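First the structure, in the form of structure tokens, and then the observations on it.
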Amino acid sequence: MTVAGCLTGSRFLAGPIADPMGKGERAVRFVEKLRHTEGPLAGRPFKLHDWQARIVRKVFGDVTEAGHRKIRTVFLLLPRGSGKTSLTSALALLCLLGPERDAAGQVIAAAADREQASIAYNASARAIRADADLSKATRIVDSRRMIVHPRSESTYRAISHEAYSKHGLAVSTLLADEIHAWPTRDLWDVLVSSMGKRLCPLTIVTTTAGAGRGTLAWDLYDYALKVERGQVEDETFLPVLYQAPHDADWRDEAIWQAVNPALAAGFRSLDEMRVMARQAAEIPSVREMFRRLYLNIWGDAATVSWVDMAIYDESAKAPVERADLAGRSVYVGVDLASVSDLAAVYAVAQDDDDGWLVWGRQYVPADTYRKRIAENAPYAAFKESGRLVVTDGAVIDQERIIADLVELCSDLDVREIAVDRWGATGFLTRLQERGLPVVQFGQGFASMSAPCKEIERAVIGRKLKAGGDPVLRWNIANIRVEPDAAGNIKFAKHKALGKIDGAVAVAMGIGRALANEAGPSVYETGRPEGVLFV
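Every number in this note's numbering is 1214 more than the matching position in the sequence shown, counting from 1.
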């Protein structure tokens, strides 16, 4: 079934759904006896919406004459915010202690990382604790992310992708969450191969769209498309695909309605989607995220373009000098990612217009400078601008950088200097010995997402002011970002079109400025011993 070229469910869910033994209806009744445990519906019965109920009836009601379930794999491609967690956590309990339980069953919730794997488990545990009868029938072991049903000797566990420790299982029900984010297919191979020991195992894959081809997620998605289109006959595989076509007008709200069943069901916010769409109109990375997570349009590649440089240039017309940061609270980011190419030092300060003043320098050893010139890189123009410092030798001159930081701290009110925590121990020690306010800054999603998004906000608002710095502009243009399953982003150095060191340093400085908005820097209340970790 299609609407405006969109996939809106499955052709296998259209019309009457076979339920000869009533097992589909029995499964629906079990799920609807559970209660919601979070959000505005907390405490209310879990009432399945029609599209959810049809999936449950199809999966558990379509059986052979012997009563065995025909469907062994369900592939649910649903946009973000479609209630995937609530549905899968309920189905986990159905297969752990409900009428679909197996003797000594092993229900496994698997995801790319420990935190993601725990989401469905936590929802199931809350549902049990909210029901006195279920609480009596089970034992919850949160320290092991495990729920035990003693009567059937079945267990429900949440695990992440470290596949080497998962051999010896005999999985009866597998809930594979956000499979597009799985780093390898090792865990999948281990878990699926273990299901051969079961008479009628069930795998439920729930995911939003991914990016690129040749991955496990792409292989399953491609197979689901072929089954949906009738190119492959497989009665054991149920594709449920909510997806806009690749050439869809992502701004068309009719398309939003078609591929987001949660909008009609009332638990997806249309206003929130409109807010994201306004940002997507001007920020390429948000646009790609909107298409992928909200419309389930599979990305062509694993990289995502970042800001529109024409918009960036609008706020970067007037040159920013170091003196412009005087009298303001200044935060400095230092990126020493390479010993033989660029290093970057950038100072940032908030201006009076809710924007950012950005000033800094980048450093390159002479040997690398000559090599980049021979490769037609624009390093000569960068040097002429005064924003690229060429130092003697073949490696980054860290002493020159330290001297410049000391000078910067003497000229400006520098609250903190953020340095990448990896590979800079000696550098950090030398800064600390000089009494400089050093903090270590991670490069993962937790540390980088907020400042990256703040830079996007400032660019779209024409409030990132870094004029007169062609090196930083080049860095910004080179950036590609990578998102995680939760919509966080970070700069992806391994996917960038060129060097991005300056942009990373700016993000680190802004990250520390944001962190200190809620209160004073630790360096304002007394110099701590050692190096601060953030």
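C-beta: ideal position from N, C-alpha, C; glycine also. From a predicted model like this one, the values you see are computed outputs, not experimental measurements.
Inset, instruction - Return helix, strand or coil for H1250, following the three-state DSSP convention. - result: For the purposes of this step, residue 1250 is identified with residue 36 of the sequence shown, where counting begins at 1. In the structure shown, H1250 sits in coil (DSSP, three-state: anything other than H, G, I, E or B).
Inset, instruction - Jot down the residue ranges of each uninterrupted alpha helix (DSSP H) in the segment 1604–1662, minimum 4 residues, whole runs only, in chain order. - result: Here the runs fully enclosed are 1612–1625, 1639–1647.
Legend entry - Given T1429 as reference, the closest of Y1508, D1345, W1512 once Cα atoms are compared: Translated into positions along the sequence shown, residue 1429 becomes position 215. The option with the nearest alpha carbon to T1429 is W1512.
Inset, instruction - Starting from G1574, follow the beta strand (DSSP E) in both directions and report where the run begins and ends. - result: Walking along the sequence shown from the start, residue 1574 turns up at place 360. Element bounds for G1574: 1570–1579.
Inset, instruction - Specify, as a first and last residue, the run of the beta strand (DSSP E) that C1220 falls within. - result: Residue numbering aside, residue 1220 sits at position 6 when the sequence shown is read from its first letter. Segment 1220–1223, the beta strand (DSSP E) holding C1220.
Inset, instruction - Could you check what DSSP says for P1234 in three-state terms: helix, strand or coil? - result: Taking the sequence shown and counting its residues from 1, one reaches residue 1234 at position 20. P1234: coil per DSSP, three-state reduction.
Legend entry - Which listed residue (Y1508, A1617, G1312) has its alpha carbon closest to that of L1248: For the purposes of this step, residue 1248 is taken as the residue at position 34 of the sequence shown. If you compare the alpha carbons of Y1508, A1617, G1312 with that of L1248, the shortest gap goes to G1312.
Inset, instruction - State yes or no: is the C-beta of V1553 within less than 7 Å of the C-beta of I1610? - result: Walking along the sequence shown from the start, residue 1553 turns up at place 339. Walking along the sequence shown from the start, residue 1610 turns up at place 396. Taking 7 Å as the Cβ cut-off, V1553 and I1610 qualify as a contacting pair.
Inset, instruction - Let me know the secondary structure DSSP gives T1582 once reduced to three states. - result: Position 368 of the sequence shown, counting from 1, holds the residue named residue 1582. Per DSSP, reduced to three states, the secondary structure at T1582 is helical.
Inset, instruction - Could you tell me the boundaries of the alpha helix (DSSP H) in which L1307 lies? - result: As a working mapping, residue 1307 is identified with position 93 in the sequence shown. Residue range 1298–1310 is occupied by the alpha helix (DSSP H) that includes L1307.
Inset, instruction - Helix, strand or coil for A1721, going by three-state DSSP, please let me know. - result: Looking up residue 1721 in the sequence shown gives position 507. Correct three-state label for A1721: helix.
Inset, instruction - Compute the Euclidean distance between the alpha carbons of P1230 and D1485, then round it to the nearest angstrom. - result: The residue you call residue 1230 lines up with position 16 of the sequence shown. The residue you call residue 1485 lines up with position 271 of the sequence shown. Distance between the alpha carbons of P1230 and D1485: 34 Å.
Inset, instruction - Return the chain-ordered list of same chain residues with a C-beta closer than 7 Å to the C-beta of G1223, the five sequence neighbours on each side being excluded. - result: In the sequence shown, the residue the question calls residue 1223 occupies position 9. The answer, listed in chain order, is M1215, W1265, V1454, Y1456.
Inset, instruction - Verify whether the separation of the beta carbon atoms of M1722 and F1659 is less than 7 Å. - result: Residue 1722 sits at position 508 when you count from the first residue of the sequence shown. Residue 1659 sits at position 445 when you count from the first residue of the sequence shown. Judged by their CB atoms, M1722 and F1659 are not nearer to each other than the 7 Å cut-off.
Inset, instruction - Rounded to whole angstroms, what's the CA-CA distance from N1730 to D1276? Just pull it up for me. - result: Translated into positions along the sequence shown, residue 1730 becomes position 516. Translated into positions along the sequence shown, residue 1276 becomes position 62. Distance between the alpha carbons of N1730 and D1276: 57 Å.
Legend entry - Through-space distance from A1594 to A1588, alpha-carbon basis: Locating residue 1588 in the sequence shown gives position 374, where the first residue counts as 1. Locating residue 1594 in the sequence shown gives position 380, where the first residue counts as 1. Between A1588 and A1594, the C-alpha separation is close to 10 Å.
Inset, instruction - Could you name the residues of the same chain whose beta carbon sits closer than 7 Å to that of R1240, not counting the 5 residues immediately before and after it, in chain order? - result: Working through the sequence shown from its first residue, we reach residue 1240 at position 26. Scanning its chain for C-beta atoms nearer than 7 Å, with the 5 sequence neighbours on each side dropped, one finds around R1240 the residues P1313, in chain order.
Inset, instruction - Measure the Cβ-Cβ separation of W1570 and A1672 and say whether it is below 7 Å. - result: By one-based count along the sequence shown, residue 1570 stands at place 356. By one-based count along the sequence shown, residue 1672 stands at place 458. Going by C-beta atoms, W1570 is nearer than 7 Å to A1672.
Inset, instruction - Identify, in the order they occur along the chain, each residue of the same chain with its Cβ nearer than 6 Å to the Cβ of V1385, setting aside the five sequence neighbours on each side. - result: Taking the first residue of the sequence shown as position 1, residue 1385 is located at position 171. Closer than 6 Å at Cβ, skipping near neighbours: Q1320, I1322, L1405, S1408, M1409.
Inset, instruction - Would you mind sorting R1741 into buried or exposed? The rule is 16 or more other CB atoms within 10 Å of its CB. - result: Indexing the sequence shown from 1 puts residue 1741 at position 527. Note that R1741 scores a pLDDT of 45, beneath 50, so its modelled location is shaky and nothing firm can be said.
Legend entry - Through-space distance from K1704 to Q1657, alpha-carbon basis: Residue numbering aside, residue 1657 sits at position 443 when the sequence shown is read from its first letter. Residue numbering aside, residue 1704 sits at position 490 when the sequence shown is read from its first letter. Looking at the two C-alpha atoms, the distance is approximately 8 Å.
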